[in-house]
Amino acid sequence: MAPPRRTSKARPRAVSEHQGGSSRSAPRSRGVPAPGRMSMSQYYDDAHQSSRVRTIGQFVLGKTLGEGTFGKVKLGKHMITSEKVAIKVLERARMKEAADVTRVTREIKILKRNIHPNVIQLYEVLDSSTAIYLIMEHIDGGELFDYIVSHQRLQEPQACFFFHQICDGLEYLHRMEVTHRDLKPENLLLQSSPKGWLIKIVDFGLSNTHDGGRLLATACGSPCYAAPEMIAGKKYVGPKADMWSLGVVLYAMVCGYLPFEESTTAKLYQKILAGDYKAPSFISKDVRALIRAVLTTDPKRRFYVTDCRQHPWYNIIDMPANSIIRHSTSRPEVSHLDEGALAQLAQLGLEREAVVGAVCGGAHNTAATSYYLMAKKLYRQGRRGEVGRDAGVTASAMPSAAPSAAGSRRGSRAGSPSADRQAQAQGVLNAHPDMSLSAVLEKMNMTRGGQEQGRGQ
């Protein structure tokens, strides 16, 4: 059997507009790239090897990571913490129709309401006359798609470990009344963590909200992963459609190829509508039964996440030992924040009160972004205080609410000691973008010491 084929990442379109399986390009035959440090000489791509470094807000823009419908995704570097981010550039010139603006607005709204270890995090949104910049966490391990291809297929305990995480992230999204609508291995990225690969659900360009349990009507996404009711043109329950896609992902992980693939769209749709696929003999009886329960053509009878958790195959790994997540949607409390990160930011001129207010209020601003990236940095270095997720807050206290306007405004007043300190740090980082945090602090302290000595004379 052939490995799963990469599905198109071009502009979103209705399922009926896709051409069949033969139009998709072959997968790249490479494994997941190993995480590593990047020097500044490697950091900038040819487009930015000019007389001045291109920046937006607190970020230096680096090489291009990919390209979407409305622009490129760039590697970015946070000038305060030196942490990497992914910057999705949405060019206004490419948003030519009202539907484009609606889609972008909806994507941002969805990203802002979500914060979970298995969902990519949006840090902040920056604006210019030519583009909108979505500052998002940088994921270092590549796509689950490439991971499957490089391993041919996954051993069932490994697949179960990933399945747990996808279920947790998907259940969280559904609790937040978000339907993904394009769940596939290409949209599941791998982040290195002390407990192994951490799954991140990404790409919410086709997502929608099902507020109040309303039915959805648009047929969209990748045909091989689309639910029968979506293909049939019926209104559908968003979470149940996502579950069908999850069933296809599970099949791909343990089998190494897709359950539904045909040379023409018509034949592909016939198989999906009939639930016509074959499970290979080399997979276990339990996973075969779970796949069958999820790939049930009747959405009312189709397994949901809660059903999957009761299934024998789901429990082949020890959940307490292997679980990365404790999910919740509550705001974080001050007691759950990383004191080390708060202390480091205070040394750089970001007042503790402003940072705590921003993070606990669910803000997407400079203070909150700096906190999450500093906490992530300390966590990776093994110097964390109280960090239950790679973004810097315990998973039992993840924020989901709108920003606190009062909290986000404080700590940035011009002329205050905090603002002066922050401006000084910014100046040092602008002049020395590859300087470590400790070196920045040392340089700032030396400068301040000299100034104080001068005043004493």
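Residue numbers for the sequence shown follow UniProt numbering, so the first one is 1 and each next one is one higher.
Glycine residues also receive a C-beta, built at the ideal position from the N, C-alpha and C atoms.
Just so it is clear, the structure is predicted and the values come from calculations on it, not from any experiment.
**Prompt:** In this structure, what does DSSP give as the bridge partners for residue 136?
**Reply:** 86 and 122
**Prompt:** Can you give the Cα-Cα distance for residue 60 and residue 83, rounded to whole angstroms?
**Reply:** 11 Å
**Prompt:** Rounded C-beta distance between residue 122 and residue 364? I'm assuming under 8 Å.
**Reply:** 6 Å
**Request:** Using only alpha-carbon positions, find the residue among 85, 109 and 316 that is nearest to residue 176.
**Result:** Nearest C-alpha to residue 176: 109.
**DSSP state of residue 377 mapped onto helix, strand, coil** = helix
**Asked** With a cut-off of 8 Å, do at least 3 Cβ pairs link the stretch 193-202 to the stretch 137-144?
**Response** These segments touch.
**Request:** Count the other C-beta atoms from every protein chain shown that fall within 10 angstroms of the C-beta of residue 375, then say buried if there are 16 or more, exposed otherwise.
**Result:** buried
**Asked** Quick check: the stretch 239-251 against the stretch 297-312, are there 3 or more CB pairs under 8 Å?
**Response** yes
**Item:** Through-space distance from residue 133 to residue 207, alpha-carbon basis
**Value:** Distance between the alpha carbons of residue 207 and residue 133: 19 Å.
**Which of helix, strand or coil DSSP assigns to residue 64** = When DSSP states are grouped into helix, strand and coil, residue 64 belongs to the strand group.
**Item:** Three-state class that DSSP yields for residue 315 in the structure shown
**Value:** helix
**Asked** Which value, in whole angstroms, describes the spacing of the CA atoms of residue 178 and residue 106?
**Response** So the two alpha carbons sit approximately 11 Å from each other.
**Prompt:** In its own chain, which residues sit with a C-beta less than 8 Å from the C-beta of residue 204, not counting the 5 before and 5 after it?
**Reply:** 107, 110, 111, 178 and 180
**Message:** If you follow the alpha helix (DSSP H) that residue 174 is in, where does it begin and where does it stop?
**Reply:** 156-175
**Asked** By a C-beta neighbour count over all protein chains shown, 10 Å radius and 16 as the cutoff for buried, is residue 245 buried or exposed?
**Response** buried
**Request:** Taking residue 250 and residue 260 to be in contact with their CB atoms under 8 Å, please state how far apart those CB atoms are, rounded to whole angstroms.
**Result:** About 13 Å; that fails the 8 Å criterion.
**Euclidean distance between Cα positions of residue 190 and residue 119** = 11 Å
**Message:** Report the start-end ranges of each alpha helix (DSSP H) in the stretch 194-231 that is 4 residues or longer and not cut off at the edges.
**Reply:** 228-231
**Asked** How about residue 91 and residue 55: do their beta carbons lie closer than 8 Å?
**Response** When the beta-carbon positions are compared, residue 91 and residue 55 stay at least 8 Å from each other.
**Asked** Among all the DSSP beta bridges, which residues are the ones paired with residue 127?
**Response** The partner list for residue 127 (beta bridge, DSSP) reads 132.
**Asked** Beta-carbon separation of residue 88 and residue 73 under 8 Å?
**Response** Between residue 88 and residue 73, the CB-CB gap stays under 8 Å.
**Beta-bridge partners of residue 191, as assigned by DSSP** = DSSP, once it has assigned bridges, lists 198 as partnering residue 191.
**Element boundaries [beta strand (DSSP E), containing residue 334]** = For residue 334, no beta strand (DSSP E) run applies, since DSSP gives it neither H nor E.
**Item:** Cβ contact check for the stretch 270-284 and the stretch 218-230: 3 or more pairs under 8 Å
**Value:** yes
**Message:** Given this structure, state the Cα-to-Cα distance separating residue 67 from residue 247, to the nearest angstrom.
**Reply:** 28 Å
**Prompt:** What separation, rounded to the nearest whole angstrom, lies between the Cα atoms of residue 418 and residue 345?
**Reply:** For residue 418, the pLDDT reaches just 46, beneath the cut-off of 50, and the residue's location in the model is therefore unreliable, although a value from the coordinates is still provided. Going by the C-alpha atoms only, they are around 11 Å apart.
**Message:** Output needed for residue 298: all residues of its chain with C-beta closer than 7 Å, excluding positions within five of it in sequence on either side, in chain order.
**Reply:** none
**Prompt:** For residue 93, which residues from the same chain have a beta carbon less than 8 Å from its beta carbon, with the 5 sequence-adjacent residues on both sides left out?
**Reply:** 130
**Asked** Helix, strand or coil for residue 91 per DSSP?
**Response** strand
**Asked** By a C-beta neighbour count over all protein chains shown, 10 Å radius and 16 as the cutoff for buried, is residue 163 buried or exposed?
**Response** Counting C-beta atoms within 10 angstroms of its own C-beta, residue 163 has 16 or more neighbours from the protein chains shown and is therefore classed as buried.
**Prompt:** Hey, residue 283 and residue 308: beta-carbon distance below 8 Å or not?
**Reply:** No, Cβ-Cβ distance for residue 283 and residue 308 is not below 8 Å.
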